[in-house]
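Asks: Just so you know, the sequences run in chain order A and B. If you're matching positions, the first sequence starts at 1 in my numbering and goes up one per residue. If you're matching positions, the second sequence starts at 422 in my numbering and goes up one per residue.
There are 2 protein chains.
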Amino acid sequence: MSILLHGVLLSGEQKDIFIEGNRIQAISDRLERAADTMIAGQGKAAVPSFVNGHTHAAMTLLRGYADDMPLKEWLETKIWPVEAHMTEEDIYWGTKLACLEMIKSGTTFFNDMYWHWNGTARAVQEMGIRAAISAVFIDLGDAKKTREQIALNEALYAAREKFGTRVTFALGPHAIYTVSEEALRWCAAFARDKGLLIHVHLAETEEEVSRCLETHGVRPARYLEQIGFLGPQVIACHCCWLNEEDIAILKANDVRVVHNPTSNMKLAVGRVFPYRELHARGVITALGTDGCASNNNLDMLETAKLASLLQKFHTGDPVVMPAEEALEMLTAQGARAFGLESGCLEPGRWADIALVDLNTPTLTPNFHLASDLIYAATGSAIDTVICDGKILMQGRRVKGEEEIMAKAREAAFALVRRAAA
Amino acid sequence: MSILLHGVLLSGEQKDIFIEGNRIQAISDRLERAADTMIAGQGKAAVPSFVNGHTHAAMTLLRGYADDMPLKEWLETKIWPVEAHMTEEDIYWGTKLACLEMIKSGTTFFNDMYWHWNGTARAVQEMGIRAAISAVFIDLGDAKKTREQIALNEALYAAREKFGTRVTFALGPHAIYTVSEEALRWCAAFARDKGLLIHVHLAETEEEVSRCLETHGVRPARYLEQIGFLGPQVIACHCCWLNEEDIAILKANDVRVVHNPTSNMKLAVGRVFPYRELHARGVITALGTDGCASNNNLDMLETAKLASLLQKFHTGDPVVMPAEEALEMLTAQGARAFGLESGCLEPGRWADIALVDLNTPTLTPNFHLASDLIYAATGSAIDTVICDGKILMQGRRVKGEEEIMAKAREAAFALVRRAAA
């Protein structure tokens with residue numbers, strides 16, 4: 001299978017992009033190649049499709065179910081009771097909806113942590129995008145649960161290949177306050193042994209830091225370093241409550257961090273992600289949406305705008321996180337964080353590409369594509385999405401979208417009814 | 422002319438809405454009326470179309486032209502030099518583009534302050550939406566300029582009716598640091614005499630407050646009260662740097678305030694709009710986008726999300742500005758602020774209505790329309806827009822949109838070339 005993108009705007013110049021199999025094969029001013037599919041690029045700009053560094057995809061089912069509540073009450077009376085009733089089929093439809101929403105806003109990779117791993121993996125496989133998927137690993141210090149969780153992760157790892165090459169199995173120790181030291185050590189060892197990513201929440205709230213100091217006598221980053229958990233395979237999400245020493249520890253261990261500005265603001269976590277400090281040290285940083293219960297969408301362009309505005313406002317400096325840097329976090333930096341062979345458009349890379357419709361009011365007049373994408377456009381400006389060399393959206397139409405919305409809606413309302421019964 | 426909206430979702434129930442002339446004539450479970458136009462409401466929710474409380478519409482021409490710069494350098498080296506070259510024709514096309522963008526995101530009224538009043542008014546008249554339009558009144562204490570500005574505003578006022586009933590002439594004294602006391606007093610008197618709105622920037626930056634204290638010995642709100650400027654006709658925009666006394670003064674004078682969260686964050690104004698305090702006192706508050714150079718779009722749903730998230734994050738309280746309140750600011754509160762006979766859907770009101778496409782991923786599953794609109798959707802979820810009883814958009818198509826984008830693009834690039842020459 002081959003695709004020719006004919007005359008798309010790439011870094012301000014009209015180019016032809018030839019895709020063969022799942023990779024970009026050539027980029028040039030004019031390519032005279034026979035292709036199975038030709039896409040007219042007139043009025044469209046090509047960018048690497050986006051990376052969503054942290055989410056719980058199937059939480060689309062809980063979008064708008066409960067908002068504007070104190071965190072503890074929200075979790076205990078709304079989110080957790082409903083999650084307890086979720087089935088693998090719910091997760092499957094919730095993730096299909098999430099994939100649909102991500103494709104429609106230009107995202108083709110997401111890093112997930114949620115329940116019923118197989119439901120998520122099946123949805124991702126079918127929808128044509130990529131994901132690193134981890135099961136929520138929580139043992140609360142209960143040795144029996146630790147053993148169960150380890151067995152589950154070993155089984156998922158053993159069977160991981162049945163969902164194809166776009167689905168990556170990852171480990172998902174939830175956080176230092178929900179996972180025992182023994183389990184954290186097991187995750188670290190298993191990840192090193194098998195070459196897996198580890199997806200963890202880190203320093204999201206002040207309470208996490210103060211509890212860690214009480215329990216372990218050190219702050220979270222130091223604690224994780226001491227038990228041999230840290231390394232470039234660790235994807236540390238949130239990282240709001242970091243001090244200078246924490247940042248140095250993350251850098252020294254080449255940990256990758258994911259900032260989730262919308263969720264941090266909506267849940268009022270109380271501290272701004274220390275972007276300038278992390279960026280100055282060269283820590284690889286991606287952006288994420290978090291789950292739809294705390295965002296409530298999966299639009300990476302909106303996320304990037306919020307990230308940039310929050311930094312500018314917080315630091316009092318309108319120059320922090322310029323548009324290009326924010327766009328890099330969605331593309332090249334995101335790809336580096338997760339070891340993806342995408343994130344920039346050049347021969348040899350995976351054909352993971354989004355085409356932006358420049359005939360959109362928010363992209364007019366278009367002096368500067370990065371600025372328009374980050375500050376003006378939303379995901380709805382994306383016209384075409386290609387992942388792994390396959391066209392997933394063209395003219396904003398995704399195959400089966402009506403059915404996915406209908407089934408996810410049905411699953412969500414039935415779930416809430418079951419939880420209330 | 423009459424329109425029947427058949428079976429739309431209104432506050433969670435299927436309703437028929439009958440529009441005759443420019444007003445909602447009836448709302449009921451089932452209306453058996455012959456209408457000139459019938460719109461099938463299946464899968465759509467009706468909401469009052471939105472109010473954009475503060476913008477400089479034609480700044481769409483400068484979208485993405487310069488960002489990520491220190492404020493002073495940005496204004497002096499980029500924005501002002503280009504603005505100096507703008508013609509009425511530029512303003513016309515820039516405003517057409519702004520109107521197109523607003524229609525496409527559900528907005529049918531905006532409060533504008535910019536150059537070449539006639540260009541803005543002509544665009545608004547043609548595009549079918551409503552606006553309160555003021556000319557930028559700046560005299561910098563120069564008596565000759567004061568006289569010129571007064572003459573200009575008197576002339577615009579005298580000729581205001583030629584642009585029809587949807588265009589409202591307003592006064593636009595820019596700010597206390599750019600307009601003389603004499604001119605401010607003139608604006609106040611002229612507005613009272615003629616029943617006009619006054620559009621002013623107030624307490625946007627700390628420098629404005631400190632300069633006012635130096636010059637007048639009091640803070641901006643007190644200064645304006647002392648010179649008899651304040652009243653319910655005053656639309657005070659930004660209002661970030663208010664203290665308790667300022668808030669009491671604004672309330673006592675029934676001033677209407679407009680919060681522009683995106684612009685405040687992007688320009689790093691250093692202080693969060695004191696929403697809780699103003700809301701507790703019942704000050705009428707609308708939301709605005711500000712101009713596209715400092716936002717960089719005109720999407721009121723994005724603006725409302727940012728407003729709510731910024732309040733939650735800043736106060737540490739996830740309960741502040743819940744979705745319903747944010748939506749009210751775009752609709753009922755916005756209408757109250759500007760004296761519009763719209764803002765809620767009931768018989769007798771202006772037929773200014775937006776239909777939301779519920780078959781959109783971000784509106785799925787749709788447990789709660791206000792939450793989904795504010796936290797999940799962007800303006801791209803709006804399918805149909807009616808203003809003054811006329812259909813301006815249906816199925817996301819606006820008449821002439823391709824030409825508007827092409828002409829505005831052309832005008833913007835030509836303008837920048839002229840400014841650089």
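All residues carry an ideal CB built from backbone N, CA and C; glycine is no exception.
#1: Would B:Val-621 and B:Gly-593 qualify as a contact pair, given that the criterion is a beta-carbon distance under 9 Å?
#2: Start and end of the alpha helix (DSSP H) containing A:His-54?
#3: Along the chain, where does the beta strand (DSSP E) that runs through B:Tyr-535 open and close?
#4: Does A:Met-1 pass the burial test, meaning 16 or more other C-beta atoms within 10 Å, or should it be called exposed?
#5: What residue ranges within the stretch 326–410 of chain A form continuous alpha helix (DSSP H) runs of no fewer than 4 residues, ordered along the chain?
#6: If we ignore side chains and look at the alpha-carbon of each, how far apart do B:Asp-457 and B:Leu-430 end up?
#7: Candidates B:Ala-576, B:Tyr-578 and B:Asp-675: which alpha carbon is nearest B:Gly-760's?
#8: Return no unless some Cβ of chain A is closer than 9 Å to the Cβ of B:Arg-830.
#9: Take the Cβ of A:Pro-318 as the centre, count every other Cβ of all protein chains shown within 10 Å, and call the residue buried at 16 or more, exposed below.
#10: Of the choices B:Thr-636, B:Arg-677, B:Asp-804 and B:Ala-832, whose alpha-carbon is the least far from that of B:Asn-780?
#11: Do B:Asp-809 and B:Ala-772 have their CB atoms nearer than 9 Å?
#12: Please identify the residue among B:Ala-579, B:Val-545 and B:Arg-677 whose C-alpha is closest to the C-alpha of B:Leu-623.
#13: For the stretch 711–719 of chain B and the stretch 484–502 of chain B, state whether three or more C-beta atom pairs, one from each stretch, are separated by less than 8 Å.
#14: Does any CB atom of chain B fall closer than 9 Å to the CB of A:Ser-380?
#15: Is there a Cβ of chain A sitting closer than 9 Å to that of B:Ser-792, yes or no?
#16: Using a beta-carbon distance cut-off of less than 7 Å, what residues from the stretch 99–123 of chain A approach chain B?
#17: Measuring CB atoms only, is the stretch 303–316 of chain A touching the stretch 681–694 of chain B, in the sense that at least three cross pairs come out at less than 8 Å?
#18: Please name the residue in B:Lys-811, B:Ile-825, B:Gly-816 and B:Ala-829 whose C-alpha comes closest to that of B:Asn-443.
#19: Relative to the C-alpha of B:Leu-766, which residue among B:Asp-489, B:Glu-434 and B:Ile-448 is closest?
#20: Scan the stretch 223–250 of chain A for residues whose Cβ lies nearer than 8 Å to a Cβ of chain B and list them as they occur along the chain.
#21: Residue ranges of each alpha helix (DSSP H) run of no fewer than 4 residues wholly in the stretch 271–296 of chain A, ordered along the chain?
#22: What's the gap between the Cα of B:His-537 and the Cα of B:Val-545?
#23: For a contact meaning CB atoms closer than 9 Å, what does A:Cys-402 contact in chain B?
#24: Would you decide whether A:Trp-80 is buried or exposed? Buried here means 16 or more other CB atoms lie within 10 Å of its CB.
#25: Quick check: is the beta carbon of B:Val-690 nearer than 9 Å to any beta carbon in chain A?
#26: Go ahead and label B:Glu-377 buried or exposed: buried means 16 or more other beta carbons lie within 10 angstroms of its beta carbon, across all protein chains shown.
#27: Output the residue ranges of the alpha helix (DSSP H) runs that lie fully inside the stretch 534–577 of chain B and measure 4 residues or longer, sorted by chain position.
#28: Since B:Ala-466 sits in a beta bridge, which residues does DSSP pair it with?
#29: Does the stretch 37–56 of chain A come within contact of the stretch 406–413 of chain A, defined as at least 3 CB pairs closer than 8 Å?
#30: Residues of chain B with CB closer than 8 Å to the CB of A:Phe-273, please, in chain order.
#31: Do B:Arg-551 and B:Thr-529 have their C-beta atoms within less than 9 Å of each other?
#32: Extract the residue ranges of the beta strand (DSSP E) inside the stretch 208–268 of chain A, only unbroken runs of 3 or more that lie entirely within it.
#33: Please report the distance separating the alpha-carbon of A:Gly-400 from that of A:Thr-331.
#34: Compute the Euclidean distance between the alpha carbons of A:Val-136 and A:Asp-16, then round it to the nearest angstrom.
#35: Could you tell me whether any Cβ in chain A is nearer than 9 Å to the Cβ of B:Leu-813?
#36: From A:Thr-178 to A:Arg-185, what does the alpha carbon distance come to, in whole angstroms?
Replies: Based on what the coordinates show:
#1: Contact flag set, yes.
#2: A:His-54 -> not in any alpha helix (DSSP H); beta strand (DSSP E) instead, spanning 50–55.
#3: 528–535
#4: exposed
#5: 332–338
#6: 21 Å
#7: B:Asp-675
#8: yes
#9: So A:Pro-318 counts as buried.
#10: B:Asp-804
#11: yes
#12: B:Arg-677
#13: By the Cβ test, the stretch 711–719 of chain B is in contact with the stretch 484–502 of chain B, since at least three Cβ pairs between them sit closer than 8 Å.
#14: It does: the Cβ of A:Ser-380 has a partner Cβ on chain B nearer than 9 Å.
#15: So, interface residue.
#16: Residues of the stretch 99–123 of chain A that bring their beta carbon within less than 7 Å of a beta carbon in chain B comprise Leu-100, Glu-101 and Lys-104, in sequence order.
#17: yes
#18: B:Lys-811
#19: For the set B:Asp-489, B:Glu-434 and B:Ile-448, the Cα lying nearest the Cα of B:Leu-766 is the one of B:Ile-448.
#20: Residues are counted here when their Cβ sits less than 8 Å from a Cβ of chain B; for the stretch 223–250 of chain A the count is zero.
#21: The qualifying runs are 275–280.
#22: A straight-line Cα-Cα distance of about 13 Å links B:His-537 and B:Val-545.
#23: Note that residue 402 of chain A is Glu in the sequence shown here, rather than Cys. Near A:Glu-402 (Cβ distances below 9 Å), the residues of chain B are Asn-780.
#24: With fewer than 16 other Cβ atoms within 10 Å, it is exposed.
#25: yes
#26: Here chain B has residues from 422 to 842 only, and residue 377 of chain B is not among them.
#27: 538–548
#28: DSSP lists B:Leu-430 and B:Val-777 as partners of B:Ala-466.
#29: no
#30: For a Cβ distance threshold of 8 Å, nothing in chain B lies close to A:Phe-273: the least Cβ distance comes to about 11 Å.
#31: yes
#32: 234–238 and 256–259
#33: 27 Å
#34: When rounded, the distance between both Cα atoms is 43 Å.
#35: no
#36: 14 Å
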